[in-house]
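Going line by line, the protein sequences match chains C and X. Everything in the first sequence is counted per the numbering used here, starting at 1 for the first residue and increasing by one. Everything in the second sequence is counted per the numbering used here, starting at 601 for the first residue and increasing by one.
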Amino acid sequence: MEDLLEIKNLNIQARTRAGVLNVVNDLSFSIKKGETLGVVGESGCGKSVTALSVMNLLPEGVLSVSSGDIIFDDVTITQLPENKLENIRGNEISMIFQEPMTSLNPLFTVGDQVSEVIKRHKGLNKDKSWVKAVELLDAVKIANPEKRAFDYPFQLSGGQRQRVMIAVALACQPKILIADEPTTALDVTIQAEILALINMLKEETGTAVMFITHDMAVVAQMADRVVVMYPGKKVEEGTVHEIFSNPQHDYTKALLAAVPKLGEMASKKYPEPMKLVGEGSSKKPQPIVGTEKPLLKVNNLVTHYPVKGGVFRRTVARVHAVEDVSFTIMKGKTLSLVGESGCGKSTVGRSLIRLVEPTSGKVDLDGQDILSLAPKDMREARSNIQMVFQDPFSSLNPQRPLFDQVAEPLRNYGTLRGKDLEERIEVLFDRVKLPRSFMRRYPHQLSGGQRQRIAIARALALNPKLIIADEAVSALDVSVQAQVLNLMMELQVDLGLSFLFISHDMAVVERVSHDVGVMYLGRLVEIGPRPSIFRNPQHPYTQDLLKAVPIADPNQRKSERDLNFKPLPSPIHDLSHDPGPSEYKEVEKNHFVLTTDCGY
Amino acid sequence: MTLLFSFIKRLLSMLLVLLVVVILNFLMLHLAPGDIADTIAQTMGGADEQDMAQLRKEYGLDQPFFIQLFQYVLRVATLDFGHSHFYNVPVFDLIMERFPATLLLVFSAQIVSLFVGILLGVYAAQNPNGLSSLFVNMFSLFGYAAPVFWTGILLLIAFSLHIQIFPSAGMRDITIENGSFFVHFFDVMRHLFLPMITLASIFFAYYSRLCRASMLEVLGADYVRTARAKGLSKKEVLLKHALKNSLSPVITFAGLSFSAVVSGAILVETVYSWPGLGTLAFNSIISRDTPVLLGILIFSTLMVTVGNLLTDLTLRTLDPRIKNAE
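This is the structure:
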């Protein structure tokens, strides 16, 4: 097969205050007709910048190609004038982006936005290109396309918007589709649908795909060949099987070791830290057994949010965020709550420490009834439960040195002061493996992983019994994610901590949990010991969820070409709605499945 | 919600605002020190106790507070704003005579400043660090640093004293008697130009700065990148995808500053002797013609609320998400 796109010795420079920086160094690779090339690497490795340079859409004045050639279809496009390039963009090379929420213009209908590109390149008139746009919307499996074409982007869900983006990209049957992290912002079932759709359309049209992602599992599912990038350079290139079964470069090895693979814990009863490359590799990871003593008992927790409306701002409806949820967390163990966005898993976490006031239920922490505590006692109780949030960039105060941020809980509770406080903070920095010199630094001087360590140190400051980790590793790169997960597991063993681990990532959950609860539309649809849930999922939702998760192994590819999971219904109901209690049946020891209708 | 329904809703809230202003008006009159009967008696050259009682009865001043309030609201509702002491004509007639001139000045200034502001803002945003952007910034800074009466006098000196291309005062040339429609139109436009530019100068400064900032933000948005990736030219992207998105903050601000335009008009009219409500207000203050002032207050409130209504409706047609949020 001949090369369709060839990148030769590409160098891209960034102009910053500190001077000129090389963000892509001497990069060369090519894409053949009809193949899918996966470009993987962690944030900042230059993969998106490379994609934008192919389109010649690098942000002006910030990034520029300093040398090298990009040859597309025997034409050196790096030397083409702008008006010639415009004829190629969206026509022969097209692109889908990461953020479906912001990639479509909010003020034009989706039909407009799809037909615009057809009008531009195919010279069809308004009516004909509209008809074509509706056909395309149908091809990307948008139900009722004649009607939906008149919708504005805000009326569509994230998955539907990404489908529209795909329709725009494929409208002129391009020779190459560049997909830059197209599923990263989507839920796992939606991701599976979009990946299946891209594969299906690729087979139908024969277009080549350059698939850019940080997610090794997605690469394993999609790519024929893989290019691995590490800050600005290509470190390895090969077929997907070569890369996954016989990686050559140390970085590729480390990257693969850091990826949790769904199913790899099947033979193990307890969670254990990941074995990472170069990190005390002689030490064998020890399983984390935990205890059988309950720490937190949650019974029939219900949390509703009021929806205000009308002239007098009365409550007109309710959001049923958490609906009759019960679980127990043992001392020294981890319970994970998994589910997709909007399923209520975060609200459970917040309800436990009364950041939102639960509507009813009982929360018992080591014999103390949390929900009936007076504000003063609640304050005391909160020192036993601490939270770590998702976004390490916004959950730290940018204006305060890290010492103060970690010391803040201790100062608030007045437990330590002066020299004792300083010593305690030093110990905490040691615990999360950050150098003590960081105590005087500010958050912007740290990487994402380091910030998350600070957030953990802050959570540990008061010696809590339970840590609620709400998507605590979701925003991190895989290698950093693995380190932070290992740190959390190490702390669990050393300090006997319990975790409520809230996550959407099934592979991570399989790695860290003793018990797993699956949530859907506010209800816990299935709960039980981790091995039992993953080996023998009983609820249809759990089964679909597991089916949707991409596995980081090219030998275990999903064969479905046309996935269509049930869209999430609205959790908003009028005041008279009485959903009824959650009832369960025990399918295995301690493994319960919801028998009440939850809407799935 | 349909357009009609939200229009009616806004109309009702507009009437509510007007009612509140009318009541406040009445309170101002009522709470002012002194007896209104005294004031009237003074203008008649004095009166004895019996005449005073007669006056109070005639003007309803012996009625209880709420009855008086009710009667006042009722009178305003039937467009009866009372009688001007100074001009000796009904206030409503006086205002109606002056109102079109102000309306012309305010709306033309608002439209021109929006148009010029958006044009300059879009132009500057294309090259945010370039010379043109610097020029727009300086120009804007000058616009809102300079007091409007000062700009007005300066323009007067420049363009009607030294370079005599625009008239210095008034709205019409009285020497033109029998002209065609176009002659009159051109005449009014010639008179309008300087006051309108003066009034607009403050506001296009604000609008251009705001439009530049909002345009810059929009140009960095993902959907602009998408539009470029579709193969649209820079110009198409700018005028179709970016412009429409960058307008909302400018129009919102224009709606909010509408009341400032109206109050600015009072100063500008005084400088140029523009025969509008502004000069009328100015003269009424000097001659203590309270009924006229109160009438003008109600009318400017009306003008501002109508301006806001127009802003809301424009935003609604511009952005489909607003309709959804209601």
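No residue lacks a Cβ here, since even glycine has one placed at the ideal position from N, Cα and C. Quick caveat, the model's predicted, so the values are computed rather than measured.
Check                                                                                                                                                                    : Outcome
According to the neighbour-count rule (16 or more other Cβ atoms, all chains shown, within 10 Å of its Cβ), is W130/C buried or exposed?                                 : buried
Which residues of chain A have a Cβ atom closer than 9 Å to the Cβ of N87/C, listed in chain order?                                                                      : Absence of chain A from the displayed structure is noted, the protein chains being C and X.
Can you tell me whether D680/X is helix, strand or coil according to DSSP?                                                                                               : coil
Looking only at its own chain, which residues have a Cβ that is under 6 Å from the Cβ of F803/X, when we skip the five neighbours before and after it?                   : S713
Do you know offhand how far F607/X's Cα is from W750/X's?                                                                                                                : 40 Å
Does the Cβ of F108/C have 16 or more other Cβ atoms within 10 Å, making it buried, or fewer, making it exposed?                                                         : buried
How about V110/C: is its C-beta nearer than 8 Å to some C-beta of chain X?                                                                                               : no
Using a Cβ-Cβ cut-off of 8 Å, state whether N924/X counts as contacting chain C.                                                                                         : yes
Just grab the DSSP bridge partners of F327/C for me.                                                                                                                     : V298/C
Which same chain residues, not among the five before or five after V432/C, have their C-beta less than 6 Å away from its C-beta?                                         : R453, I456, A457
Please confirm whether S129/C has its beta-carbon closer than 8 Å to some beta-carbon of chain X.                                                                        : no
Under 8 Å between beta-carbons, which chain X residues line up against H121/C? List them in chain order, please.                                                         : G831
Identify the contact partners of T102/C in chain X, using a Cβ-Cβ distance below 8 Å as the criterion.                                                                   : A821, D822, Y823
Does H249/C come out as helix, strand or coil in the three-state DSSP assignment?                                                                                        : coil
Output yes if chain X places a C-beta closer than 8 Å to the C-beta of M605/C; else output no.                                                                           : Limits of chain C in this structure are 1 at one end and 600 at the other, which puts residue 605/C out of reach.
The alpha helix (DSSP H) that contains I851/X, what's its start and end?                                                                                                 : 843-856
Under the DSSP definition of a beta bridge, which residues are partnered with N11/C?                                                                                     : S67/C
What residues in the stretch 126-154 of chain C bring their beta carbon closer than 8 Å to a beta carbon of chain X?                                                     : Y152, F154
Is it buried or exposed for S351/C, if we count other Cβ within 10 angstroms and need 16 for buried?                                                                     : buried
Could you check which residue in Q13/C, Y600/C, T205/C has the C-alpha nearest to that of K233/C?                                                                        : Q13/C
I need the DSSP call for N536/C, collapsed to helix, strand or coil.                                                                                                     : coil
So does the stretch 504-524 of chain C actually touch the stretch 317-327 of chain C, counting three or more Cβ pairs closer than 8 Å?                                   : yes
Name the DSSP beta bridge partners of V227/C, please?                                                                                                                    : V39/C, E237/C
Alpha carbon to alpha carbon, what distance is there between I896/X and D744/X?                                                                                          : The residue asked about is misnamed: residue 744/X is Tyr in this sequence, not Asp. If I take the Cα positions, the gap works out to 27 Å.
Distance, Cα to Cα, A407/C vs G290/C?                                                                                                                                    : 29 Å
Does G349/C pass the burial test, meaning 16 or more other C-beta atoms within 10 Å, or should it be called exposed?                                                     : buried
Determine, using beta carbons only, whether L816/X and P849/X come nearer to each other than 8 Å.                                                                        : no
Near V818/X, what residues of its chain come up, given a Cβ to Cβ distance below 7 Å and the 5 sequence neighbours on each side ignored?                                 : V824, A842, N845, S846
Taking only runs of the alpha helix (DSSP H) that begin and end inside the stretch 854-881 of chain X, which ones reach a length of at least 4 residues, in chain order? : 858-872
Taking the continuous alpha helix (DSSP H) assigned at K202/C, which residues delimit it?                                                                                : 188-205
Excluding sequence positions up to five away, which residues of its chain have a Cβ less than 7 Å from the Cβ of L373/C?                                                 : A381
Can you check whether the C-beta of D912/X is within less than 8 Å of a C-beta belonging to chain C?                                                                     : no
Based on Cα-Cα distance, which residue from V54/C, G158/C, Q481/C, G46/C lies nearest to P260/C?                                                                         : Q481/C
Kindly say whether N25/C, judged by its beta-carbon, lies nearer than 8 Å to any beta-carbon of chain X.                                                                 : no
Please list the residues of the stretch 717-742 of chain X that have a C-beta atom closer than 7 Å to any C-beta atom in chain C, keeping them in chain order.           : none
Please confirm whether N845/X has its beta-carbon closer than 8 Å to some beta-carbon of chain C.                                                                        : yes
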